Amino acid sequence: MSFDVQTLRAQFPILGTQVNGKPLIYLDNAATTQKPQVMIDALVAFYTQCNANVHRGAHALSDEATRRFENARNSVLTLINATRREEVIWTKGTTEALNLVANGLSKKLKKNDEIVVTEMEHHANLVTWQQACEASGALLKVARINDSGELDIDDFQSMLTERTRFVAFPHASNALGTLNPVTAMTAMVKSHCDALVLVDGAQGIAHCDVDVQAIGCDFYAFSGHKLFGPTGIGVLWGRYDVLDTWPVWQTGGEMISTVEYQQSTWGELPYRLEAGTPNIAGAIGLGAAVDWFMQQDRIALRQHEDELLKYAMELGSEFSGMTLVGTAREKVGVMSFLVDGTHPGDLGFILDQQGVAIRTGDHCAQPLMKRLGVGGTARVSLSIYNTVDEVDALFVALKKAQQMLT
Amino acid sequence: MAKLPSTTDIIDDLAFFDDWEERYQYIIDLSKQLPVLSDEERTDDRLVKGCQSSVWLITGIDQGKLHFSADSDAIIVRGLLVLVLAAYQDKSAQEILAFDMDAYFKELDLERHITVTRGNGLRSIVGKIRQEASQA
Numbered sequence: 001m002s003f004d005v006q007t008l009r010a011q012f013p014i015l016g017t018q019v020n021g022k023p024l025i026y027l028d029n030a031a032t033t034q035k036p037q038v039m040i041d042a043l044v045a046f047y048t049q050c051n052a053n054v055h056r057g058a059h060a061l062s063d064e065a066t067r068r069f070e071n072a073r074n075s076v077l078t079l080i081n082a083t084r085r086e087e088v089i090w091t092k093g094t095t096e097a098l099n100l101v102a103n104g105l106s107k108k109l110k111k112n113d114e115i116v117v118t119e120m121e122h123h124a125n126l127v128t129w130q131q132a133c134e135a136s137g138a139l140l141k142v143a144r145i146n147d148s149g150e151l152d153i154d155d156f157q158s159m160l161t162e163r164t165r166f167v168a169f170p171h172a173s174n175a176l177g178t179l180n181p182v183t184a185m186t187a188m189v190k191s192h193c194d195a196l197v198l199v200d201g202a203q204g205i206a207h208c209d210v211d212v213q214a215i216g217c218d219f220y221a222f223s224g225h226k227l228f229g230p231t232g233i234g235v236l237w238g239r240y241d242v243l244d245t246w247p248v249w250q251t252g253g254e255m256i257s258t259v260e261y262q263q264s265t266w267g268e269l270p271y272r273l274e275a276g277t278p279n280i281a282g283a284i285g286l287g288a289a290v291d292w293f294m295q296q297d298r299i300a301l302r303q304h305e306d307e308l309l310k311y312a313m314e315l316g317s318e319f320s321g322m323t324l325v326g327t328a329r330e331k332v333g334v335m336s337f338l339v340d341g342t343h344p345g346d347l348g349f350i351l352d353q354q355g356v357a358i359r360t361g362d363h364c365a366q367p368l369m370k371r372l373g374v375g376g377t378a379r380v381s382l383s384i385y386n387t388v389d390e391v392d393a394l395f396v397a398l399k400k401a402q403q404m405l406t
Numbered sequence: 407m408a409k410l411p412s413t414t415d416i417i418d419d420l421a422f423f424d425d426w427e428e429r430y431q432y433i434i435d436l437s438k439q440l441p442v443l444s445d446e447e448r449t450d451d452r453l454v455k456g457c458q459s460s461v462w463l464i465t466g467i468d469q470g471k472l473h474f475s476a477d478s479d480a481i482i483v484r485g486l487l488v489l490v491l492a493a494y495q496d497k498s499a500q501e502i503l504a505f506d507m508d509a510y511f512k513e514l515d516l517e518r519h520i521t522v523t524r525g526n527g528l529r530s531i532v533g534k535i536r537q538e539a540s541q542a
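Chains as they are written, first to last, in my numbering: chain C, 1 to 406; chain H, 407 to 542.
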């Protein structure tokens, strides 16, 4: 299979549009990715051909909706190499997946139990565990990173004790792009303590081959919209034997077995953890995005992304006045930076006027920004459909911004 | 301190420019007219909530007129503060509350700055000033 970026781009209608009178150069892919037509078509097809509620209708439309909805679950299973479809739980996104886990965790933890996270967490993979600690009296420990934004693996190991019950870390940092050695980290946890491991895959899923069995973790969470799918749908994958004992969190329809006025019994996985009518269209859309993604030459996509990042980081290191924030050896798709004498917000604004979309600010990682001694950064995040020409245009636009602002 | 431009000055000046670059260069140039607050004045209790950049606002009253000192760590926000203060500086509470900021920004063709609630947070600043005026 050959890879041609223009053929790929042609499948994403938004990439041909203009903003502020300029061709869109979309470099905010860590926030959300753009959508291929085939995913958009799947959403439209659901609403135009078989809109119905799932799992309980006594009619053909409901059967078809259920078939597409459950096929999407199977697509996710294949993507992440899960063993059982009961292990794939639909959520609103990564954040809700983490909250589902935290809610159960807060009931399982005891006083003086320990949770370990890293200094590079997104707020969603930090505040959730803070809350679980607050509810249970457990202690939150934070493994250090070095100044280039890499995890200090020795410090991480030193955090693991006989009291450690739960360890959470990102597959990749949203703010810096640092790629963590999640398989080795999980093995380290499992060899040192009796703890569950959660990988926050929000930034990993679109850039890495995710094989939950190979990683060896207990939970892997990601959002559909960062994988060319719709917003409002995400996945919590959990090992069956762990999920099977996980406390229910939201209650209502879909998740029950029997209900009497004074008591109820819960249904089977995955439905036990999916209360209420699910995001049917969202799941089907995500399924279509996943199917599409799996049909691509993903080795070529990865190589293309790596080359783009390498090129951007090279231009960045040569750009007068630019400081790169996050220079880990293993990175995916993110160049975070500052330009002397300018505020990231001003840079982002002047880039936007030139059609270049980036993100600026603390990237929902305030403790990380503080650790690195910056108030925030400008962040360029790349995806499979970005081009060398776009990276060149970014730096032309940055030069213009620098001239205007300093 | 040089007198800051009036709303009429700004409307006339901005109408003169054709492209985004000239318009934002003008706003950047305006930012240079806004006095910088000292580190002592940049206290956390003066930070306006809801802004991506830091914005500090100090309000004083003299003979029924409100006087504002404002600053930001972002240049474009400083320039936009000049546009806002052009409408509000040394005005009575009644005048401040009567001023239609949305219409003014629309006339300047900068309405995205005032309608987008997140981002540079100009709406938060205007809200804070109006709140100060309503309590004056």
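Heads up, the beta-carbon is just placed ideally off N, CA and C, and yes, glycines get one too.
Please read all numbers here as calculations on a predicted model, not as lab measurements.
Same chain, Cβ closer than 8 Å to residue 471 of chain H, neighbours up to 5 away in sequence not counted:
496, 497, 498
Residues bridged to residue 114 of chain C by DSSP?
C:139, C:164
Would you kindly work out how many angstroms separate the C-alpha atoms of residue 491 of chain H and residue 484 of chain H, rounded to a whole number?
About 10 Å.
Determine, for residue 480 of chain H, whether the minimum Cβ-Cβ distance to residues of chain C falls below 8 Å.
yes
Among C:197, C:248, C:300, the one whose alpha carbon lies nearest that of residue 408 of chain C
Residue numbering for chain C in the displayed model covers 1 to 406; residue 408 of chain C lies beyond these limits and cannot be assessed.
Smallest Cα separation from residue 479 of chain H: which of H:448, H:427, H:504, H:494?
H:448
Sub-8 Å separation of residue 89 of chain C and residue 326 of chain C beta-carbons
no
Tell me, which residues are paired with residue 337 of chain C by DSSP?
When beta bridges are read from the DSSP output, residue 337 of chain C appears opposite C:324, C:378.
How many Å lie between residue 407 of chain H and residue 440 of chain H at the Cα?
With a pLDDT of only 48 at residue 407 of chain H, under the threshold of 50, the placement of this residue in the model should not be trusted; the figure read from the coordinates follows. Each residue's alpha carbon lies about 9 Å from the other.
According to the neighbour-count rule (16 or more other Cβ atoms, all chains shown, within 10 Å of its Cβ), is residue 39 of chain C buried or exposed?
buried
Do you know offhand how far residue 228 of chain C's Cα is from residue 36 of chain C's?
7 Å
If we require 3 or more residues per run, which beta strand (DSSP E) segments fall completely within the segment 217 to 293 of chain C?
219 to 223, 234 to 238, 256 to 259, 264 to 266
Should the segment 161 to 170 of chain C be called in touch with the segment 122 to 129 of chain C, which here means at least 3 C-beta pairs below 8 Å?
yes
Give me whichever residues DSSP pairs with residue 55 of chain C in a beta bridge.
DSSP, once it has assigned bridges, lists no residue as partnering residue 55 of chain C.
One question on the structure: do residue 225 of chain C and residue 32 of chain C come within less than 8 Å of each other, judged by their Cβ atoms?
Contact: yes.
Can you tell which of C:288, C:260, C:248 has the C-alpha that lies nearest to the C-alpha of residue 269 of chain C?
C:248
Given a cut-off of 8 Å on the beta-carbon distance, is the pair residue 145 of chain C and residue 120 of chain C in contact?
In contact: residue 145 of chain C and residue 120 of chain C (Cβ atoms closer than 8 Å).
Would you list the residues sitting across from residue 172 of chain C in a DSSP beta bridge?
C:179
Option in C:173, C:118, C:174 with minimal Cα separation from residue 159 of chain C
C:118
Let me know if residue 13 of chain C comes out buried or exposed under the rule of 16 or more other beta-carbons within 10 Å of its beta-carbon.
exposed
How would you list, in chain order, the residues of chain H whose beta-carbon sits under 9 Å from the beta-carbon of residue 188 of chain C?
Chain H residues near residue 188 of chain C: none, gap ~38 Å exceeds 9 Å.
Strand pairing of residue 473 of chain H, partner residues [DSSP]
H:466
Taking residue 97 of chain C and residue 236 of chain C to be in contact with their CB atoms under 8 Å, please state how far apart those CB atoms are, rounded to whole angstroms.
4 Å
Given that a residue counts as buried once 16 or more other Cβ atoms are within 10 Å of its Cβ, and exposed if not, what is residue 175 of chain C?
buried
My understanding is that residue 358 of chain C touches residue 380 of chain C, with C-beta atoms under 8 Å, so please give their C-beta distance in whole angstroms.
5 Å
Are residue 20 of chain C and residue 353 of chain C touching if we call contact CB-CB under 8 Å?
yes
Taking Cβ-Cβ distances shorter than 8 Å, what residues in chain C pair up with residue 434 of chain H?
404, 405
Strand pairing of residue 23 of chain C, partner residues [DSSP]:
Answer is C:18, bridged to residue 23 of chain C.
Where residue 484 of chain H falls: helix, strand or coil (DSSP):
helix
Where do the N-terminal and C-terminal ends of the alpha helix (DSSP H) with residue 9 of chain C fall, by residue?
5 to 9
Applying a beta-carbon distance threshold of less than 7 Å, which residues of chain H neighbour residue 349 of chain C?
482
Run through DSSP, which three-state label would residue 359 of chain C get?
strand
Considering residue 506 of chain H, what are the terminal residues of the alpha helix (DSSP H) in which it resides?
Where residue 506 of chain H is concerned, there is no enclosing alpha helix (DSSP H), given that its DSSP letter is neither H nor E.
What are the partner residues of residue 90 of chain C, as DSSP defines its beta bridges?
C:235
Nonlocal neighbours in the same chain, by C-beta distance under 6 Å from residue 25 of chain C, ignoring five residues either side:
Closer than 6 Å at the Cβ level, and outside the excluded window around residue 25 of chain C, lie 355, 356, 390, 393.
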